[in-house]
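Structure record follows, encoded as structure tokens.
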Amino acid sequence: MSGDKIYKPKPVSGFPEWLPEVRLVEQQWLDHIRRVFESYGFCSIETPSVEELDVIAAKGEVDKEIYVLERLHADPADKKEARLALHFDQTVPLARYVAQHFNGLVFPFKRYQMQRVWRGERPQAGRFREFTQCDIDVINVDNLPLHFDAEMPAIIWEVLSSLPGMENEKIQLRISNRKIMYGYLQALGINAPDLITNIIRAADKLEKIGREEALRQIMDYVKDAKFEVTYHTDLNKQIGLFLAVASYRYKNAMELVVGTDEPLSGLGTLTKLHPELKNNELFKQGMTELTFVMDQLSHLPQNTVVADLSIVRGLDYYTGTVYETVFVDDPGYGSICSGGRYDDLASSYINKKLPGVGISIGFSRLFARLHEQGKLPVKSKSPADILMVLPSEERRALAAQTAATLRKRGFNVEMYHAPKKTGDQIKFADRKGIPYVWFPPFEDGKDHEVKCMGSGTQQKADPAEWNLDEKK
RNA sequence: GCGACCGUAGCUCAGUGGUAGAGCCCUCGGUUGUGGUCCGAGUUGCCGCGGGUUCGAUCCCCGUCGGUCGCCCCA
7 MSGDKIYKPK PVSGFPEWLP EVRLVEQQWL DHIRRVFESY GFCSIETPSV
57 EELDVIAAKG EVDKEIYVLE RLHADPADKK EARLALHFDQ TVPLARYVAQ
107 HFNGLVFPFK RYQMQRVWRG ERPQAGRFRE FTQCDIDVIN VDNLPLHFDA
157 EMPAIIWEVL SSLPGMENEK IQLRISNRKI MYGYLQALGI NAPDLITNII
207 RAADKLEKIG REEALRQIMD YVKDAKFEVT YHTDLNKQIG LFLAVASYRY
257 KNAMELVVGT DEPLSGLGTL TKLHPELKNN ELFKQGMTEL TFVMDQLSHL
307 PQNTVVADLS IVRGLDYYTG TVYETVFVDD PGYGSICSGG RYDDLASSYI
357 NKKLPGVGIS IGFSRLFARL HEQGKLPVKS KSPADILMVL PSEERRALAA
407 QTAATLRKRG FNVEMYHAPK KTGDQIKFAD RKGIPYVWFP PFEDGKDHEV
457 KCMGSGTQQK ADPAEWNLDE KK
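Right under this line is the structure:
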């Protein structure tokens, strides 16, 4: 061993890992999230880390960020093996899962899924290449009631606002409906997919780059591109109007429709200036759906859920409601929870119409931020409640027996490993953050004692009856 | 994938053209069965890697790899 060159360990960027004390909080978070999801009746599923590349690629896009799996000795000419890829999200695997197990599921199918996903991106603050997402989705056959679109953010609000350490974080769920923007563009006669994509991208960046810059980027694109149709000359005015309306965050359905004190706000402004929107089905649907969802969420605290028409989301499969969630004081950190409604995600895998709506907590992004800012309630380096002191080798059996008694009563008990000085054993408990140290009798006929590390007090105790009681 | 900046102890960082330091952490000690504080002592580095300039490079130059940030995209 010695003399050999050692491989100096270093972290792989974008693949986070934690020390035990942080991992303990992470587990606490995951448990908490799971409990809330289950309290709404969502059941758990887990899908493999890999899918066939064709399954993942069925929805197009994202191609270059997908990690492909291959054996070191794989023969590139061998076409017999299906190409496998690490899943990029949990929505596509869900679609495959539902299609595959269609006959074994009860609909509406409500499931949660908390797994790692992989994306070959450039790591940055809050952006990882391997990270955990906590998804909930509801999928139904043919038709999915709109109530579910409102239930998603309500559940998420309940989860996020009650995570240990999140109590004082100001977060905001922003909701929109893609049909509104699509309908508007449709009414304007904008059909070119490239242009639509471009407008969506600019709108999505509205908060970061501002209205003028967003409009400039769109018009630059229009100027450069050679469209077969000629768009009207006041295109910039029309798009500018939409960007204006999309620049506000509407606290409730009423504001969304009639507008705020600001000029050029509210959907009413759009319909007033564009009477033809009244005949656009898509626009009307979007408007109805979004106002309905906002109405359903009116019981949540002010400003925690807002309508924001600039939210459109990158993923192509969303067709209606879309969600995004940010830290109010640092929206640039990125969304910590996003999702939306999709009409028929599974159509590539089954000849049925399976609409769904879902939302995903960017667990790693959220957790990493709280960790970075020292806001996690990090306490113990050990799950043990009690450290069992080992008085001497002769008394090891007694200590073990005492530990067993306490474990049977539900406590986590770690045995100290050697009959060292009690000072060393207590110090060990202190360093690991174990709250109680148990002293079995050092001599026959003496009592058991427990020391509380927090207060420093030590008392006689009976392993068959002792309780954490008021402490904790 | 593109651009900018940066690589010195486990961590946070000083430093100089003559082969390196601080703080934290860690280990040991300050006597008998009791931690935290305090005091004392100690360990730790191919100064990312390869090449070049130079009598001599951790320092200057080139390359490379890695990291951070921005763009793209997104949880």
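So for the first sequence, the numbering used here puts the first residue at 7; every next one is plus one. Built from N, CA and C at the ideal position, the CB exists for glycine as well.
Nearest neighbour of residue i, chosen from the options [CA to CA]
{"i": "residue 35", "options": "403, 372 and 21", "result": "372"}
{"i": "residue 441", "options": "428, 196, 450 and 418", "result": "418"}
{"i": "residue 348", "options": "331, 336, 327 and 393", "result": "327"}
{"i": "residue 225", "options": "215, 213 and 208", "result": "208"}
{"i": "residue 138", "options": "431, 355, 118 and 90", "result": "118"}
{"i": "residue 214", "options": "200, 169 and 336", "result": "336"}
{"i": "residue 74", "options": "62, 61 and 91", "result": "91"}
{"i": "residue 202", "options": "228, 284 and 101", "result": "228"}
{"i": "residue 146", "options": "108, 311, 431 and 302", "result": "108"}
{"i": "residue 397", "options": "425, 24 and 409", "result": "425"}
{"i": "residue 88", "options": "304, 61, 79 and 436", "result": "61"}
{"i": "residue 244", "options": "283, 231, 355 and 391", "result": "283"}
{"i": "residue 300", "options": "287, 286, 262 and 285", "result": "262"}
{"i": "residue 254", "options": "313, 380, 198 and 285", "result": "313"}
CB of residue i within 8 Å of CB of residue j, strictly
{"i": "residue 375", "j": "residue 346", "result": "no"}
{"i": "residue 161", "j": "residue 296", "result": "no"}
{"i": "residue 189", "j": "residue 289", "result": "yes"}
{"i": "residue 42", "j": "residue 164", "result": "yes"}
{"i": "residue 21", "j": "residue 127", "result": "no"}
{"i": "residue 382", "j": "residue 132", "result": "no"}
{"i": "residue 446", "j": "residue 401", "result": "yes"}
{"i": "residue 191", "j": "residue 38", "result": "no"}
{"i": "residue 115", "j": "residue 104", "result": "yes"}
{"i": "residue 444", "j": "residue 394", "result": "yes"}
{"i": "residue 200", "j": "residue 231", "result": "yes"}
Backbone secondary structure at residue i - three-state DSSP
{"i": "residue 414", "result": "helix"}
{"i": "residue 264", "result": "helix"}
{"i": "residue 444", "result": "strand"}
{"i": "residue 51", "result": "coil"}
{"i": "residue 401", "result": "helix"}
{"i": "residue 26", "result": "helix"}
{"i": "residue 278", "result": "helix"}
{"i": "residue 103", "result": "helix"}
{"i": "residue 120", "result": "strand"}
{"i": "residue 128", "result": "coil"}
{"i": "residue 366", "result": "strand"}
{"i": "residue 466", "result": "strand"}
8 Å contact criterion, which residue i and residue j should meet: CB distance rounded
{"i": "residue 438", "j": "residue 387", "result": "5 Å"}
{"i": "residue 325", "j": "residue 184", "result": "6 Å"}
{"i": "residue 309", "j": "residue 178", "result": "6 Å"}
{"i": "residue 59", "j": "residue 389", "result": "Actually they are not in contact, since the Cβ atoms of residue 59 and residue 389 sit about 40 Å apart, beyond 8 Å."}
{"i": "residue 465", "j": "residue 455", "result": "6 Å"}
{"i": "residue 306", "j": "residue 251", "result": "That pair is no contact at about 23 Å."}
{"i": "residue 298", "j": "residue 152", "result": "6 Å"}
{"i": "residue 247", "j": "residue 279", "result": "7 Å"}
Note to self: So, does the region 141-149 touch the region 347-364, judging by three or more C-beta pairs under 8 Å?
What the structure shows: yes
query: Is there contact between the region 45-52 and the region 122-133, where contact requires at least three CB pairs shorter than 8 Å?
result: no
Note to self: With a threshold of 8 Å, are at least 3 pairs of Cβ atoms found where one atom belongs to the region 220-230 and the other to the region 264-273?
What the structure shows: no
Could you tell me whether the region 148-166 touches the region 329-337, using the rule of 3 or more Cβ pairs below 8 Å? yes
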